[in-house]
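Using the working numbering, you'd call the opening residue of the sequence shown number 7 and step up by one each time. Using N, Cα and C, we set each Cβ at its ideal position, and we do this for glycine too.
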Amino acid sequence: MARKTECCRLNGLEISLIVLFLLMTAVSVGLITVLALKLDSEKQEVTPEEPSPSVDPPENPYLIGVGRADCTGPVADLPMMGYANTEQTVRGIHTRLFSRAFIVDDGSKRVVFITADIGMVSQRLRLEVLQELKAKYGDLYRQDNVVISGTHTHAGVGGYFQYTLFMITSKGYIKPSIQAIVSGIVKSIDLAHRNLRPGRIFINKGQLVDSNLNRSPHSYMNNPEEERNRYEFNTDKQIVILKFTDLDGDGMGLLSWFAVHPVSMNNTNRMVSSDNLGYASYAFEQEKNIGFLPGEGPFVAGFSSSNLGDSSPNILGPVCVNTGEKCDYLNSSCPIGGKKECLAFGPGEDMFESTRMIGENMYKKAKELYSRAKQELHGPVYGAHQWVNMTDETVPLNSTHTVSTGFLFFGSFNWDTNGDPFWDGIRDAVLGPPSNETTACHRPKPILFSTGEMNSPLPWHPAIVDVQIITIGSLAIVAVPGEFTTMSGRRIREAVKKELEVKESFANAEVVVAGLCNIYTHYITTYEEYQIQRYEGASTIFGPHTLSAYIQRYRGLAKAIAHGTIRDLPKGPDPPFFDEDKLFNQVKDPVADLAPADTVFGDILEQVNPSYKVGEIASVTFVAGNPRHSGDIRDKTFVTVERFHNDTDSWEIVHTDASWETRFHWIKGLAGRSQSKVEWHIPLTAQTGTYRIQHFGHYKQIMDNNTITTPYVGTSDAFKVTKSFYYY
Numbered sequence: 007m008a009r010k011t012e013c014c015r016l017n018g019l020e021i022s023l024i025v026l027f028l029l030m031t032a033v034s035v036g037l038i039t040v041l042a043l044k045l046d047s048e049k050q051e052v053t054p055e056e057p058s059p060s061v062d063p064p065e066n067p068y069l070i071g072v073g074r075a076d077c078t079g080p081v082a083d084l085p086m087m088g089y090a091n092t093e094q095t096v097r098g099i100h101t102r103l104f105s106r107a108f109i110v111d112d113g114s115k116r117v118v119f120i121t122a123d124i125g126m127v128s129q130r131l132r133l134e135v136l137q138e139l140k141a142k143y144g145d146l147y148r149q150d151n152v153v154i155s156g157t158h159t160h161a162g163v164g165g166y167f168q169y170t171l172f173m174i175t176s177k178g179y180i181k182p183s184i185q186a187i188v189s190g191i192v193k194s195i196d197l198a199h200r201n202l203r204p205g206r207i208f209i210n211k212g213q214l215v216d217s218n219l220n221r222s223p224h225s226y227m228n229n230p231e232e233e234r235n236r237y238e239f240n241t242d243k244q245i246v247i248l249k250f251t252d253l254d255g256d257g258m259g260l261l262s263w264f265a266v267h268p269v270s271m272n273n274t275n276r277m278v279s280s281d282n283l284g285y286a287s288y289a290f291e292q293e294k295n296i297g298f299l300p301g302e303g304p305f306v307a308g309f310s311s312s313n314l315g316d317s318s319p320n321i322l323g324p325v326c327v328n329t330g331e332k333c334d335y336l337n338s339s340c341p342i343g344g345k346k347e348c349l350a351f352g353p354g355e356d357m358f359e360s361t362r363m364i365g366e367n368m369y370k371k372a373k374e375l376y377s378r379a380k381q382e383l384h385g386p387v388y389g390a391h392q393w394v395n396m397t398d399e400t401v402p403l404n405s406t407h408t409v410s411t412g413f414l415f416f417g418s419f420n421w422d423t424n425g426d427p428f429w430d431g432i433r434d435a436v437l438g439p440p441s442n443e444t445t446a447c448h449r450p451k452p453i454l455f456s457t458g459e460m461n462s463p464l465p466w467h468p469a470i471v472d473v474q475i476i477t478i479g480s481l482a483i484v485a486v487p488g489e490f491t492t493m494s495g496r497r498i499r500e501a502v503k504k505e506l507e508v509k510e511s512f513a514n515a516e517v518v519v520a521g522l523c524n525i526y527t528h529y530i531t532t533y534e535e536y537q538i539q540r541y542e543g544a545s546t547i548f549g550p551h552t553l554s555a556y557i558q559r560y561r562g563l564a565k566a567i568a569h570g571t572i573r574d575l576p577k578g579p580d581p582p583f584f585d586e587d588k589l590f591n592q593v594k595d596p597v598a599d600l601a602p603a604d605t606v607f608g609d610i611l612e613q614v615n616p617s618y619k620v621g622e623i624a625s626v627t628f629v630a631g632n633p634r635h636s637g638d639i640r641d642k643t644f645v646t647v648e649r650f651h652n653d654t655d656s657w658e659i660v661h662t663d664a665s666w667e668t669r670f671h672w673i674k675g676l677a678g679r680s681q682s683k684v685e686w687h688i689p690l691t692a693q694t695g696t697y698r699i700q701h702f703g704h705y706k707q708i709m710d711n712n713t714i715t716t717p718y719v720g721t722s723d724a725f726k727v728t729k730s731f732y733y734y
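If you want it as structure tokens, here you go:
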């Protein structure tokens with residue numbers, strides 16, 4: 007027994023080794039278990055970016071084409087379109103403007119939706135686009151199957167209208183401005199047309215609660231209480247997205263609708279900018295098109311306007327800038343300074359940060375919805391369209407009475423206009439007071455200008471208006487010709503949905519409102535909101551029953567789609583297309599350029615620093631020509647930021663003037679002397695290394711009565727970029 011016990015006895019070293027082995031085994035098992043649990047958790051929480059389709063691809067898939075094209079026009083000394091302030095002229099580029107086209111073909115019919123980074127679509131713009139499409143494609147792309155929607159950025163260039171009121175605000179019909187937009191829209195359709203291939207469309211929707219605020223809550227509260235109680239918010243928080251893929255599931259594009267005004271860039275801004283909707287497109291495309299510069303790459307992400315009439319991105323709300331107090335609720339005024347001291351802000355510290363934050367909110371929500379989109383659209387596509395004379399629409403009021411829309415007008419809209427050069431200029435042009443008929447038709451509006459009765463030198467407002475619906479499977483896109491308020495949009499969606507759902511294929515139809523489409527007719531409020539006569543009601547130009555007239559027309563379009571009677575729809579009266587020689591232009595050609603003594607164009611006036619840390623701003627100022635002398639600037643750039651590669655002894659372009667990180671300021675001097683200041687807001691993600699900034703432009707000279715335009719290039723010194731001490 008003693009020997010046996012002795013054989014089983016372990017010495018101290020052996021015991022230690024066994025204990026160590028057991029401990030290591032336990033730790034390993036624990037780590038494996040933790041890792042397995044973590045991986046399992048991640049597997050449950052993270053949805054693949056491109057989920058496997060829920061069903062096999064359809065036997066007859068859609069043909070899908072997406073395309074994007076630059077539509078940036080002249081960026082110097084032209085009025086901007088949005089704030090109706092002729093003193094707000096453009097002087098540079100914050101971000102470029104793009105047109106994004108989406109074509110869907112079911113094998114026998116096709117529809118096209120375009121969202122363009124412009125203030126709104128004018129009748130003239132749409133007609134010129136349709137003319138060019140007809141010249142290229144015959145009857146393939148027409149007024150009934152092509153929708154053109156403006157994002158409503160207030161930081162684009164004007165000059166693309168044919169009616170007097172709009173021409174006054176943008177100093178006339180400016181050919182280089184409208185041609186850039188027309189060419190950009192047509193090119194985006196060309197690209198989508200050439201890229202057509204079999205694919206699939208998925209739809210998803212969700213709520214985005216932190217990105218819009220009702221700017222006229224008093225008007226909204228005048229809607230029936232029973233109706234208001236059906237909704238949680240006084241603005242639409244719903245965001246709808248379409249996900250386009252090829253048959254292999256690879257993403258081709260995204261199209262989204264959300265109701266928010268792109269006015270994060272305020273009326274002090276002087277640079278072309280796509281604003282918050284444009285930033286969302288930019289962010290989504292940059293993530294998908296890895297390795298491409300902005301505006302390049304195959305993936306196209308369009309963020310479109312919706313019923314944004316009373317929906318503001320300034321979510322911190324209105325305050326009196328001189329006292330910090332809240333503005334008066336009823337009339338948006340301040341005890342000291344009145345309405346002019348009442349301004350809305352947020353959510354950022356300045357307009358650039360606010361633009362980014364609102365845009366990023368939309369981008370992130372759309373990305374989430376895109377990654378989880380599994381409901382697939384099936385079925386045919388349709389397009390229904392009519393032209394309507396909105397000055398003479400009759401709408402049933404009840405079983406025994408009807409009401410009519412009437413002559414157009416522009417109201418005083420309970421807003422300060424005294425001393426505003428825009429309104430002063432229009433007042434000077436008014437020939438007389440409105441007629442008794444017009445006053446009665448638009449009561450209770452105090453009519454400031456009876457634009458429907460003013461026809462010199464051309465009609466001041468359009469009378470013939472587009473109404474249009476396109477459908478893709480069970481999705482209906484209602485293309486509205488202006489800025490519908492929150493409740494107006496809800497009512498028209500509900501009316502269209504009710505008409506469509508009589509057909510089985512439209513059961514559970516999804517209806518979206520696409521804003522500012524095809525022609526611009528200002529605002530459209532509910533009858534109840536019209537009575538309050540805030541800005542939106544006063545800018546509803548066809549009178550208090552405008553919404554009812556539109557609902558009647560869109561119900562007719564929806565009914566024709568549901569019952570297969572689109573061909574029986576009356577075409578309606580053709581809109582006018584005025585000869586160019588009747589369209590006035592008050593914009594003067596820029597003078598010849600002049601460089602300061604002992605300098606040439608492209609020389610440096612203020613040099614960059616030798617080095618910067620990420621998060622800082624690299625800035626350089628050049629002797630420059632007027633950017634308008636560069637002609638058509640689409641698909642070009644005034645700016646590059648370039649990084650040096652030692653291994654290849656070459657410079658790589660990392661940013662252009664289409665990038666969020668760059669700002670191109672044109673500084674106008676006297677007698678043709680100009681400067682271009684380029685800023686690079688160095689992102690925290692920038693790689694360390696050696697960089698330079700280049701500026702490209704043209705200068706104009708007149709020699710022997712001949713105009714000569716010459717290109718130039720300016721190049722900064724090389725500078726270093728390093729990481730900040732606090733950067734992780």
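With respect to the beta strand (DSSP E) encompassing residue i, which residues constitute its N-terminal and C-terminal limits?
i	result
E138	That residue, E138, is in no beta strand (DSSP E); its alpha helix (DSSP H) goes 129-143.
V502	Not the beta strand (DSSP E): V502 falls in the alpha helix (DSSP H), residues 492-506.
L481	481-485
E612	610-612
F650	645-651
G210	For the record, residue 210 in the displayed sequence is Asn; it is not Gly. Looking at the DSSP string, the run of the beta strand (DSSP E) that includes N210 is 203-213.
T694	Note, T694: premise wrong, no beta strand (DSSP E); not H, not E.
G73	68-76
L261	257-263
I245	244-252
Q558	Careful: Q558 lies outside any beta strand (DSSP E), inside the alpha helix (DSSP H) at 552-569.
So residue i and residue j are in contact, right, with Cβ under 8 angstroms, and what is the actual spacing, rounded?
i	j	result
G549	V719	The Cβ separation is near 56 angstroms, so there is no contact.
A82	R449	In fact, because the Cβ distance is near 45 angstroms, the residues do not count as touching under 8 angstroms.
P319	S270	5 angstroms
T361	Y288	Actually they are not in contact, since the Cβ atoms of T361 and Y288 sit about 10 angstroms apart, beyond 8 angstroms.
N235	Q381	At roughly 29 angstroms, the Cβ-Cβ gap does not stay under 8 angstroms, so N235 and Q381 are not in contact.
V620	I699	With a Cβ gap of about 16 angstroms, V620 and I699 do not count as contacting.
Y529	S545	4 angstroms
L383	G297	Wrong, their Cβ atoms sit about 31 angstroms apart, outside the cutoff.
Apply the 10 Å Cβ neighbour rule to residue i and answer buried if 16 or more other Cβ atoms are within range, or exposed otherwise.
i	result
V606	exposed
V40	The pLDDT assigned to V40 is 36, lower than 50, so where the model puts this residue is not dependable, and the model offers no usable value.
D723	exposed
K577	exposed
V645	buried
N66	exposed
Do you know whose CA, among the options, lies nearest residue i's CA?
i	options	result
S312	L261, S270, Y89, K504	L261
H701	R362, G98, P85, T92	G98
P85	Q137, F172, L349	F172
L375	V727, N220, I245	I245
E355	N272, F309, Y388, K371	N272
G695	R499, R649, A566	R649
G308	D638, E586, A515, T121	T121
E658	L299, G389, V473, Y335	L299
S225	Q539, S511, T78	Q539
H391	V215, D256, N151, S680	N151
P386	P452, Y369, L481, S441	L481
S189	R206, T643, A107, E231	A107
P689	S317, M709, L248, V660	V660
Compute every distance between the C-beta of residue i and the non-hydrogen atoms of the ligand HEM, then say whether any falls below 7 angstroms.
i	result
S617	The model depicted lacks the ligand HEM and carries no ligand whatsoever.
Could you please give the first and the last residue of the uninterrupted alpha helix (DSSP H) stretch that includes residue i?
i	result
P324	P324 -> not in any alpha helix (DSSP H); beta strand (DSSP E) instead, spanning 323-326.
K371	357-377
Q474	Not the alpha helix (DSSP H): Q474 falls in the beta strand (DSSP E), residues 470-478.
M173	170-175
Contact between the segment 485-493 and the segment 458-466 (3+ Cβ pairs under 8 angstroms): Because the criterion of three Cβ pairs below 8 angstroms is not met, the segment 485-493 and the segment 458-466 do not touch.
The segment 467-480 touching the segment 387-405, judged by at least three CB pairs closer than 8 angstroms: With three or more CB-CB distances shorter than 8 angstroms, the segment 467-480 counts as touching the segment 387-405.
contact_flag[the segment 126-140, the segment 513-531] where n(CB pairs < 8 angstroms) is 3 or more: Result yes; three or more Cβ-Cβ pairs closer than 8 angstroms.
The segment 232-244 contacting the segment 332-348, beta-carbon criterion three pairs below 8 angstroms: Contact fails: fewer than three Cβ-Cβ distances are below 8 angstroms.
contact_flag[the segment 171-187, the segment 219-235] where n(CB pairs < 8 angstroms) is 3 or more: No, the segment 171-187 does not touch the segment 219-235.
Sufficient close CB pairs (3 or more, under 8 angstroms) joining the segment 198-210 to the segment 64-73: Yes, they touch.
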